[in-house]
Structure formats: structure tokens, C-alpha cells
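Sequence lines, in order, name chains A and B. With the first letter of the first sequence counted as 1, position 101 gets the number 1107 in the working numbering; the numbers rise by one all the way through. With the first letter of the second sequence counted as 1, position 171 gets the number 1177 in the working numbering; the numbers rise by one all the way through. Glycine residues also receive a C-beta, built at the ideal position from the N, C-alpha and C atoms. Please read these numbers as outputs of a predicted model, since none were measured by experiment.
Protein chains: 2
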Amino acid sequence: MVDLETRELKYFVAVAKELHFGRAAELLGMAQPPLSRAIKQLEARLGVRLFDRDRRAVALTDAGAVLHREAETALNAVAAAARRTQRAGHPRRAIVLATKAGAAHDTLQRLLDAISADAETPDVDVVLCEVGEQAVKLRDGRADVALMHRPVDDFAGIDAEELFTERQVAIVPANHPLAAREMVTMDEISSVPDLPMARWPLVDGSYPAGPGPEVRTQSQIAHLVALGRALLVIPASSRAWQWPEHVAIPVSDAPEVTTVIAWPAHSRSREIAAVILAATRLADVMAS
Amino acid sequence: MVDLETRELKYFVAVAKELHFGRAAELLGMAQPPLSRAIKQLEARLGVRLFDRDRRAVALTDAGAVLHREAETALNAVAAAARRTQRAGHPRRAIVLATKAGAAHDTLQRLLDAISADAETPDVDVVLCEVGEQAVKLRDGRADVALMHRPVDDFAGIDAEELFTERQVAIVPANHPLAAREMVTMDEISSVPDLPMARWPLVDGSYPAGPGPEVRTQSQIAHLVALGRALLVIPASSRAWQWPEHVAIPVSDAPEVTTVIAWPAHSRSREIAAVILAATRLADVMAS
DNA sequence: CTCCCTGATACCCGCGCGGTATCAGGGAGG
DNA sequence: CCTCCCTGATACCGCGCGGGTATCAGGGAG
């Protein structure tokens, strides 16, 4: 049985990301030769070639691609172990709730109120995330629970309880012809040439192909829409970040989005359970 | 940011399991002093006390208990990374299916037939498990897919697709009065003093309290039932291992058991997806 | 043909990990 | 009350390995 050290995994991931030993070494704060040697030893120990180096380019082999994925989840698990242990050991025992900035603002407000009013639930810190960051933070231990969205977010390794489901709205510039509409369809908004949909980064940080502008943050897209350069389809409850220059129009045929409260698939502590319970109870109240 | 090495985690887990530095060191194949030092350094690095040592006994602190849980999942992830990488790199690319020995025998038979008949699906090796072992093997990479049972198995970190649901039967000795019955209730069988239910080990290896005999394997319990010393409630499809000395009686009010095909929550490769698809298709055929 | 880019090799040094020997403190038994 | 022993902590040492610098090697570009 081979066993890998997290140091080796970290080295491997750096090279797999950069596909360049020199740059990877620099990122790791070390020299290139020991890095080359470490990777070589790793390959020897596993008995598997991880990179194809043909003098000018470095590429992942199939096995390397597998390790790339696996190593990242393993490193996340190790980091989570460290962070959760530290948090458990320190007097301050607030749990961390991750949520997309601007999303479900009023629900979150009421949830936090309910939690702080209830003596049973622990203190909660809120950390605001961009796009799909909640899952990352749950996985590496920087957060304990999160508000996430089905089906848009990535739930691998994450459990969740449904809170509420809502339709989506298109956010368009107030001075655009579409702004006068009562309701639109996906077909209509995807065929507007002067208002392409903004492109969000995928999990690996790259962008899908398409005509729309590349954005990373909510305020970037808010700005772009206000400038009349893009439109956006989001859950209705996200409207909290709308500016006067924005108009929200219900989209009749966009898939509904379910807001869920999510936690890492393992480690369901009593504190986390209390918060989940508070959230589901609140959702029941709001539904009735 | 602290980062833990897998070596340290392994040391910690050994001590957490044994609650005894000397024995843990022996299990690890090392001397006790370096182990003590390693744990001490770990505590220093995390800034958290992990064990309460009061000269005569070693106990986990709250933080230690957290790390115990987290470290085991992290180590599983690391081991899985190594194993899956090795498997991906070697010419032989069979995927490994874990199943409880004796359970759902005919379904499995047909599934394997369907898979080997289909050129699209990969080769499949079958590994037979005792009780809840499938989840462990999925988590540490020794298996890629598994047949598991809801609600009895532990699905933390594991995704699954339902295959079929069935009622449970009580297995009793053929010479016992109950053997003549057409149908029994849970109440009836739990109040038979001379036929206690066998006790299976919990996830941590210990046994729940109770009058029944402790068993670890299917053949142990099969033997015990044949000897008239215990009874057992299992899904109807598990009857494959019945001996002539066994009689199966439907239990009217036992919770139904759903057999599912399961895989680790991350890493859903094309090969695994093909096997899952074959299994769900087969279940559809069998249901109609 | 030459230069340069990039990964591999050679070699050295120092830290850290693991080993042995020993200490320290407290519980149990006479 | 004293002693023995059990168990974890401390002290100290040696060496292996991880990381550094210098250099090589091979192939693409101009």
C-alpha cells in the first residue's frame, strides 16, 4: 500500500494546474529541481506515469487527470480537518454560514434573526461568497453550512435540505425595449443580439465559450446590466441587489430554482443540526 | 494556515483509537517517544489540545473527537486518490463493484450478465463485503460502485440511485414454532425470548447492548439461526444463502428496504456512469 | 547554427524524524 | 507508608531525505 503525503499531493496539484514545472515551483515557493524529483518519486511510488513531458510541453496522462481530481478533494478534506479541529478547540464557537452575496437576502435576514433569538442555536458568522464558492468553502472547512441553489450549484459531497423554490427573473437594463414586457421566455432573451448573457467561470476557473462578457462577481454583472451590455437570469429573491437602472421580468419557462441549506456530507454536528432545523422551520413558516 | 501531513493524521488516529501511546506506537511500528512528540507538535501547530492525559488515562478532548472523525475521512480520501490513480494508470481497467455477500444474488447475476453483454460497459470485478463494508470500500477507493441498502447502510459522502424496494422476511430455524406462520410482526419476533435478534457491529466496531449473540459475518448468523439460537430480519432477496434448516417468513410491518447502486459522491467517471445506467435499466426491466 | 527555454541530473547541506536511554509522577499492593 | 510498576515526557543522537545551487540535455525558433 502506497501512502501519499499531503506535501506530495500539493506539489502534484501545483504542477497539474500550471502544466509547467518552473512556474509551479515558483508558486510553491521552492526551486524547480526538487519539485521535478518529488513528482518523479511520486510516479515511481504509484507505479504510474502522471505527466507526459515531451521537452516542450507538459500534459496530464489519464492517470494524472484522475489524481488531479482526487488530490484536490483529498487536500480539501485535510484542510477541513485542520480548520474544524481548530474551531472546535477555541472558546469562540460560532459556526460559519456561507451564502451567495445578495441572494435570498430577506430569507437570510429572518434566518439570522430566528437563530439569534433562539437560545438553543449557536452563534452564526456569515461569510459572503461569489458564484459557486459556497461548495468550495463547505468542502475545505471554511464554512459549516451554506445557502445554495439547485440545480445551479455543485453538490458533490454535500448534503442539503430544501427550503423553498422560486421562479427566475431576467434582469435587463431599464432603458432597453425588453424592460417594458410583463413576462419573457428563455427563447426571447437568448436571441437578443445586443444583450448577451454574461458568462460565469466554471468550477475550474475557465469560461464557457459564447458571446457574453466574462464576469466573476455580482457587482461586475450588476454594473454591466446597468450599462446596457448584458442581461442575466437569476432567482427572484436575488433582486435585493437591483439598482434603479435594473428591471426584473419574470421568465415564464426558466427552470425553477430551489434554495437549500447545505452542509458537508460527513460531520453533522449538533450545532449544525440546530441551524438546519431553524432554517427548515423558517421555510415552513414562510411557505404558509 | 496550518497544513497537516498524512503521517501526522495517521499517528493521531492510531492514538485516538487506542487511547494509549504505547500500544498505538506498537501498531504503527515505531517507538513511543517520537509518537508522543509528534502528537505534541500537532497540538502545538493546531493551537489546540487534542488529548487529556492525566497520568493514568488518555482521553480525547472535544477538538480531538472532531479531528478523529475528520482525519479518518481525510485519510480515506488520500488513500482513495492513490488507489484510483494506480488503477487508472494500469492497463487492466476493470471497475470494482462491492456488494454484501449473499444479498440480491439474482439481481447481481443479471446485472453482471447485462454488463458483460454490453460492449459499452467496462469490465467489472466483484468484491464481496460483510455487513456495512461497502461504504468503507467506496470511501477509501477499494471499490468504485456498490450495491447497498436504504435505510440500513451509511450513505455519508455517497451518492446512490434506487434500484428496487422489497419487504423484509424473518429467517427462523425450521424447527421453531414460528416457522409454521404465514406472516409475523416485528412485535411478535422481538418478544420471543429463546430467539433473540443477532447483534451486528456498529460502524466503530463495537456492539450495541442486547441479549442476542454478537456476529460479524453472514455465515456466522446463518449458522446461529440453523442452530436455533437466533433469528434475523433481512430483505427478501437475500434468501439466496438460506439453508434447509432455515425458513423465511414475511414480516408485515418491517420497514421496506431499498437496494440502491451507490458510488462515491465525487468522481463519477464515464465507466461508473455506464454501470449505473446498466443497473437502473435492469431495475426498470425487472419492475415491469 | 546558435540561442534559449525547460525539465533532468548531480551534488551538498541541514533539518527533522525516529531510535535508545532515562526521567517523572501517580496508582496499587503489601 | 514505602515500593514497584505503568505510562507518558524528556534528552540526546544519528541519518535519511527534502530542498538548495550548479549544470546538463534536448529541441524549437530565428
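According to DSSP, A/E1172 shares a beta bridge with A/V1263.
Inter-segment contact for the region 1071-1090 of chain B and the region 1075-1087 of chain A is present: three or more beta-carbon pairs are separated by less than 8 angstroms. Against A/D1068, the close residues of chain B are A1094 and G1095, in the order they occur along the chain (beta-carbon pairs closer than 9 angstroms). DSSP, reduced to helix, strand and coil, places B/T1286 within a helical segment of the structure shown.
Between A/V1253 and A/V1178, the C-beta gap is smaller than 7 angstroms, which places the two residues in contact. Secondary structure at A/M1007: coil, using DSSP grouped into helix, strand and coil. Fully enclosed beta strand (DSSP E) runs of no fewer than 3 residues occupy 1101-1106 and 1130-1135 of the region 1093-1140 of chain B, in order along the chain.
No residue range can be given for A/M1189, since it is assigned to no beta strand (DSSP E) and is classified by DSSP as neither H nor E. A Cβ-Cβ distance of about 5 angstroms is found for the pair B/S1258 and B/M1189, placing them in contact under the 8 angstroms criterion. Contacts with chain B at 7 angstroms (Cβ-Cβ) include A/R1090. The residue among B/L1118, B/F1057, B/A1162 and B/A1069 with its C-alpha nearest the C-alpha of B/A1271 is B/A1162. At least one CB atom of chain B sits nearer than 7 angstroms to the CB of A/G1163. Nearest C-alpha to B/V1175 among B/T1091, B/S1243, B/A1285 and B/I1121: B/S1243. For A/V1072, the residues of chain B that pass the 7 angstroms Cβ criterion are R1090, T1091 and A1094, in the order they occur in the chain. In this structure A/V1151 touches A/I1101 by the C-beta definition: roughly 7 angstroms separates them, less than 8 angstroms.
Judged by DSSP secondary structure, B/H1229 falls within the alpha helix (DSSP H) whose first and last residues are Q1224 to A1232.
Taken through DSSP and simplified to helix, strand or coil, A/R1145 comes out as helix.
In the DSSP annotation of this structure, A/V1158 is not part of any alpha helix (DSSP H), being labelled neither H nor E. Straight-line spacing of the CA atoms in A/D1119 and A/L1103 works out to 14 angstroms. With at least 16 other beta carbons inside 10 angstroms of its own, A/K1143 counts as buried.
Contact annotation: A/P1261 and A/E1172 have beta-carbon atoms that are not nearer than 7 angstroms.
A/E1049 is outside the set of residues whose beta carbon lies under 7 angstroms from a beta carbon in chain B. Against chain B, a Cβ distance below 7 angstroms from A/E1011 picks out E1011, T1012 and R1013. Spanning the alpha carbons of B/S1042 and B/R1145 requires a straight line of approximately 29 angstroms. For the region 1049-1097 of chain B, the full-length beta strand (DSSP E) segments reaching 3 residues or more read 1057-1059 and 1064-1066 along the chain. Counting other Cβ atoms within 10 Å of its Cβ, B/W1269 reaches 16 or more and is therefore classed as buried. 7 angstroms or more divides the Cβ of B/A1280 from the Cβ of B/T1105.
Here A/A1125 is exposed: its Cβ has fewer than 16 other Cβ atoms, across all protein chains shown, within 10 Å.
Interface flag for B/V1008 against chain A is set, since a Cβ pair is found closer than 7 angstroms.
Scanning its chain for C-beta atoms nearer than 6 angstroms, with the 5 sequence neighbours on each side dropped, one finds around B/Q1140 the residues A1104, A1152 and M1154, in chain order.
Restricting attention to B/S1275, B/A1284 and B/L1230, the CA atom closest to the CA of B/A1123 is found in B/A1284. The beta-carbon of B/V1054 is placed less than 7 angstroms from the nearest beta-carbon of chain A. The Cβ atoms of A/R1156 and A/I1255 lie no closer than 7 angstroms to each other. About 11 angstroms separates the beta carbon of A/T1067 from that of A/L1052, a gap too long to meet the 8 angstroms contact definition. For the C-beta of A/T1079, the chain B residues within less than 7 angstroms are, from N- to C-terminus, A1083 and H1272. Taking CB atoms only, A/A1232 has no neighbour in chain B less than 7 angstroms away.
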